[in-house]
Every structure is written in structure tokens, then in C-alpha cells.
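This report refers to the structure that appears directly beneath it.
2 protein chains.
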Amino acid sequence: MATLEFWFDFGSNYSYLSAMRIEALAREKKVQVIWKPFLLGVVFKALGWETSPFVLQKIKGDYTCRDMARQCDKYGLPWRQPAAFPRTALLPMRVALVGADQGWIAPFARRMMTMNFAEDRDIDNLEAVSEALAGLGLDAGAIVALALTPDNKLRLRRQTQQAQALHLFGAPSFLSGGELFWGNDRLDDALAHAAGARSLSM
Amino acid sequence: MATLEFWFDFGSNYSYLSAMRIEALAREKKVQVIWKPFLLGVVFKALGWETSPFVLQKIKGDYTCRDMARQCDKYGLPWRQPAAFPRTALLPMRVALVGADQGWIAPFARRMMTMNFAEDRDIDNLEAVSEALAGLGLDAGAIVALALTPDNKLRLRRQTQQAQALHLFGAPSFLSGGELFWGNDRLDDALAHAAGARSLSM
Numbered sequence: 001m002a003t004l005e006f007w008f009d010f011g012s013n014y015s016y017l018s019a020m021r022i023e024a025l026a027r028e029k030k031v032q033v034i035w036k037p038f039l040l041g042v043v044f045k046a047l048g049w050e051t052s053p054f055v056l057q058k059i060k061g062d063y064t065c066r067d068m069a070r071q072c073d074k075y076g077l078p079w080r081q082p083a084a085f086p087r088t089a090l091l092p093m094r095v096a097l098v099g100a101d102q103g104w105i106a107p108f109a110r111r112m113m114t115m116n117f118a119e120d121r122d123i124d125n126l127e128a129v130s131e132a133l134a135g136l137g138l139d140a141g142a143i144v145a146l147a148l149t150p151d152n153k154l155r156l157r158r159q160t161q162q163a164q165a166l167h168l169f170g171a172p173s174f175l176s177g178g179e180l181f182w183g184n185d186r187l188d189d190a191l192a193h194a195a196g197a198r199s200l201s202m
Numbered sequence: 001m002a003t004l005e006f007w008f009d010f011g012s013n014y015s016y017l018s019a020m021r022i023e024a025l026a027r028e029k030k031v032q033v034i035w036k037p038f039l040l041g042v043v044f045k046a047l048g049w050e051t052s053p054f055v056l057q058k059i060k061g062d063y064t065c066r067d068m069a070r071q072c073d074k075y076g077l078p079w080r081q082p083a084a085f086p087r088t089a090l091l092p093m094r095v096a097l098v099g100a101d102q103g104w105i106a107p108f109a110r111r112m113m114t115m116n117f118a119e120d121r122d123i124d125n126l127e128a129v130s131e132a133l134a135g136l137g138l139d140a141g142a143i144v145a146l147a148l149t150p151d152n153k154l155r156l157r158r159q160t161q162q163a164q165a166l167h168l169f170g171a172p173s174f175l176s177g178g179e180l181f182w183g184n185d186r187l188d189d190a191l192a193h194a195a196g197a198r199s200l201s202m
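Just so you know, the protein sequences line up as chains H and E, in that order. The first sequence begins at 1 in full-length UniProt numbering and counts up one residue at a time. The second sequence begins at 1 in full-length UniProt numbering and counts up one residue at a time.
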């Protein structure tokens, strides 16, 4: 089956637009999504940006608020301007890695994204993560324990280093057969590329 | 008739994608395009960026080269990576203002954009501008003389100040009824907004 890597951070508002839509769109195109959480803040800092460009450049940040409201309206997604931006999400990102192994990362990611961008809740805490896991019928205690092992913490750092090695500089980013697509606005192109690559290889 | 303002600079590669497509798309939606040349470099400098973000941030610039090739392929537009970027275009921008008055700005803009982004030619000189005007059957000498009057030079500065007053921070930008849309990726949304505003007012 054709695959598309979806690189995201729970703190990234444009990642929210993709996280909520990608599985349905990928199903239509018979593409399998490989969810790749990585620490966008680490990537930004290495590029010399102390925080999100939307904070560093207020004029662009103000525009982004309006753009997000319009985009969510277009896609039929709920949206509430987060009181804190960008929200840290270290614990949810570590948990998401476990979810990637165990097959529940997509619904978990949608739940965390909804908390951040539709419910304006902080997500980098045990309560939010446990609530999301319990909502999926999962054993929150066991999963969080797994997420906090040194091995799993190291994995998230390594995955972030891999993002840098792939020349990622923002989120969401999509990778299909070596081609990098940046931004929710390229989700359709990325899926088409992934589906096309599959057709060629069949 | 519904209108949409199209703010652009001949040096902006993503403005190229919009300049080549906007008139045909606008006709379909019965929207009139108001072409608004402004000096993007002046706006960037006022925001603290000495040149294009695609130059300041090499990793994003490298990506943009690949993205432009793919986008042009998608839209069926010719593309040659410019040897100089961003190209200055002060004379063509001044001439474009005259074209806005006289009704030939759209084909003139497409010609200048093609020289820059499909033919990899410098455009901020009398030869390039005269060739474009002659190709449209226009009197290049008379038009350039008009473009170089103090009044017309002042007009371009004022239009750039207007762009700043409207909180523009990049190009292309689109304005419909007070709503700002940034980037070629928002052209369809901007046209839909303009067409919708028209329907409401009828």
C-alpha cells in the first residue's frame, strides 16, 4: 500500500487542520498515513527562532488567527483561539509515539488537537493525556509509564533529529518518496504524490 | 461587479503563480481584479527583514525552489529557477501603475513575470520593459516617460504605504471587503469571498 509520512507537533495550529482531515482523505486515495510526531520547537531553535514565527512576527501571527478561523470554517472544524501559543506538548508527544506502535495514534492525536485548538485547554499534563487515553478505552497508567521510559524519551529526540536531517523546518510536513511537502495547504498534493507513486509501482 | 484587490511585486515568485492565473479564475466567478503593485522589499525592510525570507532562511528557500517547480507543473506554467532572487523591479512596477490606469496592466504583468520566472531575465531595465510594452502594441517611450514622472514615482511609494497600512506582510496578498488573504494558496478562497460578497449585495 502507498504510504505518506505526516510530521506534526501538537502545538502547531496548521498541523491541527491536517490531523483532523488526513485519515479520511488518505482512505479515499488508498494511502496509509505514517504519523510522525516531532518537537517543532527544537527544530525552530536550531534555525535560530526562539519560538513560533507567528509569535516572533506579530503581523503574521495576527493574520494567522484570522486565517485559522476561516480555514476551520471552510473545513467544518471547531476552532477557539488558544489563550496560550504555542502550547508545549512534550508528554502528549511521548505518548503519541507509543500510540504509533500500538495503532491508536490517529484518534489520540485528534483528541489532543481538539483539546488545544477547539477547547483551548493546556495539554502538556497527565490529566489531559489520561482523559484522552481513557476516552479511547485505553489503560492510561500503563501507557504513560511506557511513554516516560528513557528509551521512549530518546526515541522522540531521535525522531526530531531525523526531521532535521530531512530538512524539515515547519509543521505539518509530509514526505512521500523523498519529496517534502510543507503546510496543510500541500496535504492534497502530498496525498496525490503518494497515490501516484503507488500507481507507478504497481 | 464584485472586485478583488491583487497586491503583488514582480520580484515575488508566488505572485507569479497568481498573476498568471487570476484573470481566468476571476472571469469564471464574475469578479473584477484590481491589480495593486507595491514594493515588497520596502515592506520587508520595515518588518526587519533585509531581503526575502527565502534568502534569509536558506532551508526554506531550498524548499521553495522545489515547491515552485511542482506548483508550476501542477498549473501548467513554465518555470526556470531565477539566477537572481529576489529581482528588483522598480521600473516595471512604476510602468505597471500606468498600465492600471490605461487598462493593460494584466497582460503587461504576465509578460514581466514570464521574463523573470520562465526566462530567467533581469527585468528592472528599459530594454525588458520596452520589449514587453511593444509586444502589447503600446508606445513604450511615452509610457516610460509617464512612469518616470515625480507624480507616478510618488504614487508607487504611496501604494506601498497603503499596503503597510492594510497590514500586508507578503505577496501575493488579496483583499476582499476588508478580508486579507495571503499567498497564492488563498487565491481560490479570496475569489470565493469576493464572489460571495457580490451575491449578498445583489
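Where is the CB? At the ideal position from N, CA and C, for every residue including glycine. Owing to the predicted nature of the structure, the values given are computational and were not obtained by experimental measurement.
By the Cβ criterion, the segment 97 to 108 of chain H is not in contact with the segment 66 to 84 of chain H, since fewer than three pairs of Cβ atoms, one from each stretch, lie closer than 8 Å. The DSSP-derived three-state label of Gln32 of chain E is strand. In the three-state DSSP reduction, Pro86 of chain E falls in the coil class, being neither helix nor strand. Using beta-carbon distances, Lys60 of chain H counts as an interface residue toward chain E, with a partner under 8 Å.
Listed in chain order, the alpha helix (DSSP H) elements of length 4 or more contained wholly in the segment 148 to 176 of chain E are 150 to 165.
Between Arg21 of chain H and chain E, the shortest Cβ-Cβ separation is not below 8 Å.
In this structure, the CA atom of Ala190 of chain E is about 38 Å from the CA atom of Val129 of chain H. Shown here, Leu4 of chain E sits in a strand according to DSSP, grouped into three states. Glu50 of chain H carries a coil assignment under DSSP once its states are collapsed to helix, strand and coil. Assigned with DSSP and collapsed to three states, Phe117 of chain H falls in helix. Taking C-beta atoms under 8 Å as the contact rule, Leu180 of chain H and Tyr63 of chain E qualify, at a distance of about 6 Å. Distance from the CA of Arg80 of chain E to the CA of Ala147 of chain E, rounded to the nearest whole angstrom, comes to 29 Å. A straight line joining the alpha-carbon of Arg21 of chain H with that of Lys153 of chain E spans about 48 Å. Interface flag for Gln161 of chain E against chain H is unset, since no Cβ pair is found closer than 8 Å.
Residues of the segment 26 to 60 of chain H with a Cβ closer than 8 Å to any Cβ of chain E, in chain order: Leu47, Gln57, Ile59 and Lys60. Ala142 of chain E and Val95 of chain E have their alpha carbons spaced roughly 11 Å apart. The alpha-carbon of Phe169 of chain H is positioned some 22 Å away from that of Pro172 of chain E.
If the five residues before and after Ala140 of chain H are omitted, its C-beta is found closer than 6 Å to the C-beta atoms of Ser130, Leu133 and Ala134, all from its own chain and listed in chain order.
When H:Leu25, H:Pro150 and H:Pro86 are compared, the shortest CA-CA separation from Tyr75 of chain H is found for H:Leu25. Within chain H, the C-beta atoms nearer than 8 Å to that of Phe169 of chain E come from Gln57, Ile59, Lys60 and Tyr63, in chain order. In terms of Cα proximity to Leu39 of chain E, the closest of E:Phe10, E:Leu17 and E:Phe54 is E:Phe10. Against chain E, the CB of Trp182 of chain H has a partner CB under 8 Å away; the residue lies at that interface. The beta carbon of Val98 of chain E is closer than 6 Å to those of Ile143, Leu146 and Ala147 in its chain, skipping five residues each way along the sequence. Under the 10 Å beta carbon count, Asn184 of chain E is surrounded by 16 or more other beta carbons and is classified as buried. Chain-order list of chain E residues neighbouring Asp185 of chain H: Asp185, by C-beta distance under 7 Å.
Scanning chain E for C-beta atoms nearer than 8 Å to the C-beta of Asp189 of chain H yields Arg70 and Lys74, reported in chain order. When only Cα atoms are considered, Gln32 of chain H and Gln164 of chain E end up about 44 Å apart. If you draw a straight line from the Cα of Arg155 of chain E to the Cα of Thr3 of chain E, it is about 21 Å long. In the structure shown, the three-state DSSP call for Pro107 of chain H is helix. Counting only residues of its own chain and dropping the five nearest sequence neighbours on each side, Ser52 of chain H has a CB closer than 6 Å to the CB of Pro86.
Annotated as proximal: Phe117 of chain E and Tyr16 of chain E, with beta-carbon spacing under 8 Å.
Collapsing the DSSP output to three states places Pro37 of chain H in a strand. Put simply, the backbone Cα of Ala83 of chain H is about 45 Å away from that of Pro92 of chain E.
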